[in-house]
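Okay, structure first, notes after.
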Amino acid sequence: MKVTVFLGRIHHAIKLLPLVVKLSSAGYNIQFLVTSNSINIDPSTEYLHKYGISSFHHAHDYVMEHDLVGQAEAEATDLIMMGDLVPYNAPFWLASSLREAVYSLHGFSHYLDDNKPEIVIGLHENNFWVKMLFYLAKQRGMKTVSLMEGIILEREEEDLGKYSMGTDYTDVLFSWSDYDREFYADSSTIVPVGPPHLDEWISVIKRDEYGIARQNICMQYGINSAKKIVLFAPPRLDLYKGDTGRAIQALSNYCTSNGFEIVLKLHPFQGGVDQIKNSFPDLKVFSDDDASPFLFISDIVVTQTSTVSIEALCLGKQVVELDMDYIGIDQPLSRLGAARLIQGDDLSPIGELLSNPVGTEEFMKERLPLADGRSTDRIASYLQATKWIV
Amino acid sequence: MKSLFVITTMSQLMLDILLHEHNENDVTVVTPYDNVANDMFNLGISCFPIKQKTMSISEQDRMFADEMLPGVMESYGNFLGTELPVWKVLSLDRLKFWFDYGAKSNLDFIRSFEYDYLYVSLDLDSPYPWNICPEDAHYIAVKTNPIRTAEFVLYSPRFEFDEIWVDSREDEEFLKKIRMKTAVRVREKEKTRIITRRQAESQERGKAELGFTNNLPVIGVMFDKRDEWQTRLFLSMNTDKNILLFPVDTRSRELAKDVLHEYKFFIQNDENVAYMCDEVIAFRWDDRFSPRKLSTFKIIDYGRMNMASLLAPEGIKVAE
């Protein structure tokens with residue numbers, strides 16, 4: 003069976019490649035599809051080579067091959083002239099996005115027509131490209147499959163209706179748990195399987211290979227594995243609730259004086275990384291795209307982000323929600339007993355949790371019973387059982 | 031006469047006009063950006079900085095949903111030949127990232143001033159210059175940012191300015207070329223483009239110094255990561271030549287090493303040696319490429335995707 007996997011950005015690759023490995027070994031014929039990001043500011047090939055992917059289809063190749071550049075430019079111009087002035091956004095983004103969308107639509111259409119995949123997989127349908135790709139695939143009777151990018155934020159559904167829009171053209175969305183089902187407009191498309199991107203990490207823990215794997219990763223990053231590791235994984239700093247500089251300094255002081263290793267893992271889209279490193283020269287600061295290795299080696303994860311918290315819990319870590327400035331945490335897991343909330347300057351609960359970890363089995367059993375390292379197996383089994391034929 | 035300046039980015043041209051008007055007329059300057067307000071302060075020109083109002087993330091998201099899901103974006107209809115609405119693709123995963131929550135109220139504030147002339151930065155990266163649309167005043171856009179871009183060309187039919195001021199004849203020609211209906215005024219003299227082609231002997235000596243002794247042509251390729259796709263295509267079609275790749279920045283240099291390795295080429299960081307190439311190729315027009323001044327410089331715009339024949343100044347060779 004021919005399967006197209008769309009890898010628009012590096013986090014698509016991080017989340018989708020474990021599934022690709024499973025489907026390839028199950029005999030599926032996998033093709034990768036990419037395109038240019040905006041004005042190609044982050045070329046796909048920059049991250050594809052990290053994963054050894056040298057064979058892929060680029061949407062622009064199809065625009066060129068079918069001599070559609072002139073038509074695409076004319077369509078983009080027509081669209082720009084069609085609508086009202088948008089008082090909130092710089093015209094650059096409207097013009098560049100419309101141009102990018104029209105190129106993608108033509109490129110994707112001809113890619114699908116020329117290659118005829120039976121299944122098209124994208125990370126999630128609210129993505130700019132995946133929305134178009136799934137629309138076109140559905141028109142052609144191809145099956146569309148997506149995963150969850152991260153944990154569902156109830157506030158985002160209330161304020162934006164974000165998840166209700168996430169399955170317009172999706173046949174199956176493989177979710178992390180049954181709990182996610184109620185947020186989607188068409189709950190019949192939701193199939194709970196667990197978080198596939200964590201399978202390998204969870205499996206290593208289950209195979210009792212954790213110690214040696216942790217040591218190897220620590221060595222690779224220059225982190226002292228003999229110490230307890232406190233990972234601070236904040237959201238992008240402009241979205242951090244409170245004074246980030248104060249939080250980083252306080253955590254650093256607390257860990258140093260208590261003999262813990264402190265690691266700062268910045269959001270992959272964080273700007274000014276060098277400046278942050280210069281401001282905290284004694285701190286181990288990383289801005290890698292994949293947070294999983296850092297979650298894996300840590301003993302406790304300090305964050306404000308619910309997806310990071312949930313991922314940490316899946317790997318059996320203790321979680322602290324840090325609110326030093328009393329601003330509040332979105333959807334706090336501490337309210338459900340799965341994390342410890344720290345408000346104010348007293349960071350001693352970190353040491354307490356490291357000495358006496360809190361059990362999170364009940365929470366995991368109820369909210370994430372499928373985080374057992376077999377999520378990709380479930381997806382492969384589901385796809386095989388449905389025997390989709392286009 | 032009263033003149034209002036809404037400045038979002040600065041340029042020498044804007045500064046010249048501002049200082050001239052400041053001496054002649056009653057001038058008010060408004061800016062939503064702190065860096066411009068600081069510039070004005072340093073110049074001793076009084077200015078109204080517009081402060082962004084503070085909103086919680088929840089308030090911001092609700093406002094975005096009201097205004098853009100679909101809100102004003104509904105007017106853009108569906109993509110041609112589809113039933114896929116434009117807003118479903120653009121709103122959440124593009125425009126939301128750069129949504130300016132304070133823009134509408136700030137625009138109301140700007141409109142509340144009285145003026146006969148309105149000067150704005152010709153700045154595609156800000157919503158302010160484009161959305162004031164005064165009914166009575168003379169509306170003038172002053173060049174502050176590069177204008178030879180695809181996005182500028184695409185958006186240009188929507189310009190509602192009475193006049194556009196630029197600082198060179200080259201820009202005036204360019205605006206004519208894209209059929210700009212707005213009146214264009216040039217404020218400064220044309221700068222002469224310097225052609226620095228070296229003599230053949232010097233070129234041959236340079237080739238030998240770099241180790242190219244095989245008599246095959248030496249082609250310099252300006253490598254911008256944005257054109258990675260075009261570069262691969264070019265390299266695959268030119269395996270019988272000596273290729274010198276000039277990465278334009280650090281990321282492009284890394285990318286070249288990582289993903290173009292199946293082709294044979296040499297990375298050269300010093301654009302000054304481009305003179306010894308028999309031909310220097312770029313895949314787009316960009317003011318920052320220094321070899322653009324060489325007579326051997328040529329743009330290959332595959333599929334006309336980078337609009338080079340439109341954007342490059344007169345005299346630059348463009349193949350499609």
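Protein chains in written order, with this note's numbering: chain A, 3 to 392; chain B, 31 to 350. Heads up, the beta-carbon is just placed ideally off N, CA and C, and yes, glycines get one too. All figures in this text were calculated on a predicted structure; none of them were measured in a lab.
Given residue i as reference, the closest of the options once Cα atoms are compared
{"i": "Lys66/A", "options": "Asn136/B, Trp128/B and Trp259/B", "result": "Strictly speaking, residue 66/A in this sequence is Met, with Lys absent from that position. Ranking Asn136/B, Trp128/B and Trp259/B by Cα distance to Met66/A puts Trp259/B first."}
{"i": "Gln251/A", "options": "Leu241/A, Phe234/A, Ala78/A and Lys243/A", "result": "Phe234/A"}
{"i": "Ile43/A", "options": "Glu301/B, Asp64/B, Lys255/B and Ile80/B", "result": "Lys255/B"}
{"i": "Lys134/B", "options": "Lys389/A, Glu151/A, Ser99/A and Pro89/A", "result": "Pro89/A"}
{"i": "Arg142/A", "options": "Ser227/A, Phe110/A, Met221/A and Gly168/A", "result": "Phe110/A"}
{"i": "Val251/B", "options": "Arg283/B, Gly241/B and Met335/B", "result": "Arg283/B"}
{"i": "Gln272/A", "options": "Ile264/A, Ser259/A, Thr258/A and Val287/A", "result": "Val287/A"}
{"i": "Leu239/A", "options": "Asn260/A, Ala215/A and Gln277/A", "result": "Gln277/A"}
{"i": "Gly196/A", "options": "Met366/A, Phe8/A and Trp390/A", "result": "Met366/A"}
{"i": "Glu159/A", "options": "Leu35/A, Asp332/A, Tyr384/A and Ser350/A", "result": "Asp332/A"}
{"i": "Asn276/B", "options": "Thr269/B, Leu285/B and Asp270/B", "result": "For the sequence presented, residue 276/B should be read as Phe rather than Asn. The candidate whose alpha carbon is nearest that of Phe276/B is Leu285/B."}
{"i": "Glu368/A", "options": "Trp178/A, Leu138/A and Gly29/A", "result": "Trp178/A"}
{"i": "Asn108/B", "options": "Leu70/A, His68/A and Val104/A", "result": "Val104/A"}
{"i": "Asp290/A", "options": "Leu9/A, Ala215/A and Ile16/A", "result": "Ile16/A"}
{"i": "Leu253/A", "options": "Leu81/A, His269/A and Pro236/A", "result": "Pro236/A"}
CB of residue i within 8 Å of CB of residue j, strictly
{"i": "Thr38/B", "j": "Tyr158/B", "result": "yes"}
{"i": "Ile75/B", "j": "Val172/B", "result": "no"}
{"i": "Leu148/B", "j": "Asn175/B", "result": "no"}
{"i": "Asp182/A", "j": "Met150/A", "result": "yes"}
{"i": "Thr362/A", "j": "Ile153/A", "result": "no"}
{"i": "Met40/B", "j": "Asp146/B", "result": "no"}
{"i": "Thr47/A", "j": "Val216/B", "result": "no"}
{"i": "Glu102/A", "j": "Ser166/A", "result": "no"}
{"i": "Ser121/B", "j": "Met103/B", "result": "yes"}
{"i": "His126/A", "j": "Ser148/A", "result": "yes"}
{"i": "Thr79/A", "j": "Pro247/B", "result": "no"}
{"i": "Asn161/B", "j": "Pro62/B", "result": "no"}
{"i": "Tyr169/B", "j": "Asp201/B", "result": "no"}
{"i": "Val5/A", "j": "Ile32/A", "result": "yes"}
Buried or exposed (CB count within 10 angstroms, at least 16 for buried), residue i
{"i": "Ala238/B", "result": "exposed"}
{"i": "Ser266/B", "result": "exposed"}
{"i": "Lys211/B", "result": "exposed"}
{"i": "Glu220/B", "result": "Caution applies to Glu220/B, whose pLDDT of 39 falls short of 50 and renders its modelled position unreliable; the model cannot decide the point."}
{"i": "Leu21/A", "result": "buried"}
{"i": "His14/A", "result": "buried"}
{"i": "Leu49/B", "result": "exposed"}
{"i": "Phe295/B", "result": "buried"}
{"i": "Ile224/B", "result": "Note that Ile224/B has pLDDT 38, beneath the 50 cutoff, so the model's placement of it is unreliable and the number below is only indicative. The residue is exposed, with fewer than 16 neighbouring Cβ atoms inside 10 Å."}
{"i": "Tyr49/A", "result": "buried"}
{"i": "Ala248/A", "result": "Looking at the sequence provided, one finds Arg at residue 248/A rather than Ala. With fewer than 16 Cβ atoms within 10 Å of its Cβ, Arg248/A is classed as exposed."}
{"i": "Thr388/A", "result": "exposed"}
{"i": "Phe204/B", "result": "buried"}
{"i": "Phe34/A", "result": "buried"}
Residue range of the alpha helix (DSSP H) that includes residue i
{"i": "Ala351/B", "result": "Because chain B is modelled from 31 through 350, residue 351/B falls outside the range shown and cannot be assessed."}
{"i": "Asp31/A", "result": "For clarity, residue 31/A is Asn in the given sequence; the question names Asp instead. Counting along the chain, Asn31/A falls outside any alpha helix (DSSP H), though it belongs to the beta strand (DSSP E) covering Asn31 to Val36."}
{"i": "Gly247/A", "result": "Thr246 to Asn260"}
{"i": "Arg369/A", "result": "Glu363 to Arg369"}
{"i": "Asp161/A", "result": "Glu156 to Leu162"}
{"i": "Arg281/B", "result": "Thr280 to Val289"}
{"i": "Met84/A", "result": "Val71 to Met84"}
{"i": "Leu45/B", "result": "Gln42 to Glu54"}
{"i": "Lys134/B", "result": "Ala133 to Arg141"}
{"i": "Ser27/A", "result": "Ile12 to Ser27"}
Limits of the beta strand (DSSP E) - the one that residue i falls within
{"i": "Met66/A", "result": "Here Met66/A belongs to no beta strand (DSSP E); instead the alpha helix (DSSP H) covers Ala61 to Glu67."}
{"i": "Ser33/B", "result": "Lys32 to Val36"}
{"i": "Trp195/B", "result": "Glu193 to Val196"}
{"i": "Leu175/A", "result": "Val174 to Ser177"}
{"i": "Lys145/A", "result": "Lys145 to Leu149"}
{"i": "Gln345/A", "result": "Arg342 to Gln345"}
{"i": "Glu323/A", "result": "Gln320 to Asp325"}
Interface residues of chain E facing residue i [CB-CB closer than 9 Å]
{"i": "Asp288/B", "result": "This model lacks chain E altogether, as its protein chains are A and B."}
Closer than 7 Å: residue i CB and nearest the ligand GTP heavy atom
{"i": "Trp315/B", "result": "Judged by which ligands are present, the structure shown has none, so any question about the ligand GTP falls away."}
message: Measuring CB atoms only, is the stretch 44-62 of chain B touching the stretch 87-106 of chain B, in the sense that at least three cross pairs come out at less than 8 Å?
response: no
query: Between the stretch 57-64 of chain A and the stretch 113-122 of chain A, do three or more beta carbon pairs fall short of 8 Å?
result: yes
task: Spell out a yes or no on whether the stretch 280-299 of chain A and the stretch 196-203 of chain A are touching, meaning 3 or more CB-CB pairs, one atom from each, closer than 8 Å.
output: yes
- prompt: Is there contact here, the stretch 75-95 of chain A with the stretch 314-324 of chain B, by at least three beta-carbon pairs under 8 Å?
  reply: No, the stretch 75-95 of chain A is not in contact with the stretch 314-324 of chain B.
- prompt: Given 8 Å as the limit, is there contact between the stretch 181-198 of chain A and the stretch 166-173 of chain A, that is, 3 or more CB pairs closer than that?
  reply: Touching, per the Cβ criterion.
- request: Please determine if the stretch 321-335 of chain A and the stretch 347-364 of chain A are in contact, where contact requires at least 3 C-beta pairs separated by less than 8 Å.
  value: Cβ pair count under 8 Å is three or more, so yes.
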